[in-house]
Amino acid sequence: MRSRFAHYHPPPEPPLQLGGRAAAVLLPVFEEDGEARIVLTRRPETMPSHRGEIAFPGGKLEPAVDHDARDAALREAEEEIGLRRETVDVVTALPTLGTVIGQFNITPFVGITDGRPIITADSREVDRVFDVTLAELMADGVYHEERWSWGFDGTERTMQFYDLADETIWGATARILTGFLARIVDVDVTGDWGDWTRA
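Numbers given in the working numbering equal positions in the sequence shown, counted from 1, plus 3.
Below you can see the structure in the form of structure tokens.
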């Protein structure tokens with residue numbers, strides 16, 4: 004898996020959300036039985052926003068404790084799912100992308116662990132932790148797009164979805180996942196991750 008990142012050159016940054024709050028997420032990746040797997044979480048229904056949605060561990064940068072976005076992604080992963088930062092090899096950052104909802108500028112980081120990571124979820128922030136193979140995410144019929152109207156002017160935006168057996172990934176998480184698959188794994192995934200209108 005690490006060899007796939009050796010010559011990766013991130014594309015130009017997509018437009019950011021003006022005044023957006025800085026945030027970071029970690030894409031934890033590991034290999035098991037010859038297959039690459041990625042870790043995801045489901046947010047509790049008790050959260051003030053994005054209730055029940057699938058997400059990567061992450062959150063806002065805290066200037067008092069975080070040196071940079073990478074630190075924030077590792078700290079949040081440790082707080083949310085108990086993933087100790089010393090077990091994570093951060094191999095690359097993906098381009099920061101702005102979100103319309105919540106007005107965040109999210110920087111994703113790809114982190115590899117040697118084998119299945121030890122997870123201890125914080126029930127206040129995480130309802131479920133699960134992992135899925137990249138092959139499953141790229142299987143026929145899992146990915147689809149929809150056109151949604153947003154705002155008072157009815158502007159249409161493309162929304163991306165991954166329909167798994169028991170969960171649906173959409174929103175910013177689906178955008179990040181699409182960028183990861185298209186740019187890192189080098190597969191043909193529809194949708195333009197760098198187009199901010201697809202937030």
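Glycine included, every Cβ here is placed at the ideal spot set by N, Cα and C.
L100, DSSP secondary structure in three states: Position 97 of the sequence shown, counted from the first residue, corresponds to residue 100. L100: strand per DSSP, three-state reduction.
In DSSP terms, what Q163 is bridged to: Here residue 163 refers to the residue found at position 160 of the sequence shown. Bridge partners of Q163: E148.
Start and end residues, beta strand (DSSP E) containing G61: For the purposes of this step, residue 61 is taken as residue 58 along the sequence shown, with counting starting at 1. Start and end: 61-63.
Spatially closest choice to V135 from A75, P98, V68, E170, by CA coordinates: Numbered from its first residue, the sequence shown carries residue 135 at position 132. Among A75, P98, V68, E170, the Cα nearest to that of V135 is on E170.
Beta-carbon proximity check, F112 vs L29, cutoff 8 Å: Numbered from its first residue, the sequence shown carries residue 112 at position 109. Numbered from its first residue, the sequence shown carries residue 29 at position 26. Yes, they are a contact pair.
Alpha-carbon to alpha-carbon, T181 and L100: Position 97 of the sequence shown, counting from 1, holds the residue named residue 100. Position 178 of the sequence shown, counting from 1, holds the residue named residue 181. Going by the C-alpha atoms only, they are around 12 Å apart.
Buried or exposed by the 16-neighbour rule on C-beta atoms within 10 Å, applied to V68: Translated into the one-based positions of the sequence shown, residue 68 becomes position 65. Burial call: exposed.
For A75 and A138, the rounded distance between their alpha carbons: What you label residue 138 is simply residue 135 of the sequence shown in a count that begins at 1. What you label residue 75 is simply residue 72 of the sequence shown in a count that begins at 1. Cα to Cα, A138 sits roughly 29 Å from A75.
Beta-carbon gap between F59 and L43 smaller than 8 Å: The count along the sequence shown starts at 1 and reaches residue 59 at position 56. The count along the sequence shown starts at 1 and reaches residue 43 at position 40. Result yes, Cβ atoms of F59 and L43 sit closer than 8 Å.
Chain-order list of residues whose beta-carbon lies under 6 Å from that of A27 (same chain, five-residue window excluded): On the sequence shown, residue 27 is found 24 positions in, with the first residue counted as 1. These residues qualify, in order along the chain: G61, A72, A75, A76, T110.
For G114, three-class secondary structure by DSSP: The residue given as residue 114 occupies position 111 in the sequence shown. Strand at G114.
Backbone CA spacing between D166 and I57 [nearest angstrom]: The count along the sequence shown starts at 1 and reaches residue 166 at position 163. The count along the sequence shown starts at 1 and reaches residue 57 at position 54. So the alpha carbons of these two residues sit roughly 11 Å apart.
Alpha-carbon to alpha-carbon, L140 and R45: Your numbering for residue 45 matches position 42 in the sequence shown. Your numbering for residue 140 matches position 137 in the sequence shown. Approximately 17 Å, taken between the alpha carbons.
Through-space distance from R127 to Q106, alpha-carbon basis: Counted from its first residue, the sequence shown places residue 106 at position 103. Counted from its first residue, the sequence shown places residue 127 at position 124. C-alpha separation (whole angstroms): 23 Å.
Inter-residue CB distance, E81 and R88 (contact presumed, cutoff 8 Å): Indexing the sequence shown from 1 puts residue 81 at position 78. Indexing the sequence shown from 1 puts residue 88 at position 85. 6 Å between Cβ atoms; contact.
Chain-order list of residues whose beta-carbon lies under 6 Å from that of A25 (same chain, five-residue window excluded): For the purposes of this step, residue 25 is taken as the residue at position 22 of the sequence shown. Excluding residues within five positions, the ones whose Cβ falls inside 6 Å are L64, N108.
Environment of A177 [buried if 16+ CB atoms lie within 10 Å]: For the purposes of this step, residue 177 is taken as residue 174 along the sequence shown, with counting starting at 1. The residue in question, A177, is buried, as its Cβ has 16 or more Cβ neighbours within 10 Å.
CA-to-CA distance, A124 to P47, given in whole angstroms: In the sequence shown, residue 47 corresponds to position 44, counting from 1. In the sequence shown, residue 124 corresponds to position 121, counting from 1. If I take the Cα positions, the gap works out to 12 Å.
Nearest neighbour of A142, chosen from I84, F164, E149 [CA to CA]: For the purposes of this step, residue 142 is identified with residue 139 of the sequence shown, where counting begins at 1. It is F164 whose Cα lies nearest to the Cα of A142.
Contacting residues, own chain, Cβ-Cβ under 7 Å from T90 (five flanking each side not counted): Counting from one through the sequence shown, the residue named residue 90 turns up at place 87. Contacts found: T116, P120.
Beta-carbon proximity of I122 to G85, cut-off 8 Å: By one-based count along the sequence shown, residue 122 stands at place 119. By one-based count along the sequence shown, residue 85 stands at place 82. Taking 8 Å as the Cβ cut-off, I122 and G85 qualify as a contacting pair.
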